[in-house]
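Here the sequence shown is numbered in UniProt numbering, starting from 1 and rising by one per residue.
Glycine included, every Cβ here is placed at the ideal spot set by N, Cα and C.
Fair warning: this is a prediction, and the values are worked out from it, not measured in the lab.
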Amino acid sequence: MKEVILGMEAEITELPYEIKIDRMFYYLLKDEESYRLVSRACPHAGALIEAEDGELVCYMHGWCFDAHTGDCLNIPGKRLDAYGVIAREGQLIAQFQD
C-alpha cells in the first residue's frame with residue numbers, strides 16, 4: 001500500500017480541498033465520520049470535476065456529485081473513484097492500493 005501525506009488536519013479547514021498527487025487531481029472530502037480522497041476525473045468521460053455551490057460538478061455532461069461522499073446525484077450507483085484517508089499524529093494520509 002502506498003501512503004501519501006496530504007497535510008496537517010488542523011490546516012485543512014475548507015472542504016472540498018483540492019490536492020494534486022503525481023500529476024493527478026483529487027478532492028479531499030469528509031462525511032460525518034471520515035475523510036476520503038476522490039478523483040476529480042468524472043467516471044463518465046474523464047472530464048475534470050469542479051467544486052461549485054456545495055456540489056462537485058462535471059460540466060461536460062452535467063453530472064453532480066455529493067461533496068461529502070463523492071456519490072453521483074444524477075445516476076444511482078455511480079461515484080467518483082475514492083481512496084481511504086487516515087489521520088495519524090495530526091496528519092491526513094491517503095492510502096492507495098498498489
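Please classify residue i: does DSSP put it in a helix, a strand, or coil?
{"i": "A82", "result": "strand"}
{"i": "E33", "result": "coil"}
{"i": "A10", "result": "helix"}
{"i": "D66", "result": "strand"}
{"i": "Q97", "result": "coil"}
For residue i, which of the options has the nearest alpha-carbon?
{"i": "A51", "options": "Q97, K78, V38", "result": "V38"}
{"i": "D71", "options": "G90, M1, R40, Q91", "result": "R40"}
Using only the alpha-carbon positions, how far apart do residue i and residue j sit?
{"i": "N74", "j": "D22", "result": "30 angstroms"}
{"i": "Q97", "j": "R36", "result": "14 angstroms"}
{"i": "G62", "j": "M8", "result": "33 angstroms"}
{"i": "E3", "j": "P76", "result": "30 angstroms"}
{"i": "L15", "j": "R79", "result": "18 angstroms"}
{"i": "Y59", "j": "L6", "result": "27 angstroms"}
So what does residue i bridge to, in DSSP terms?
{"i": "A47", "result": "None; A47 has no bridge partner."}
{"i": "M24", "result": "I21"}
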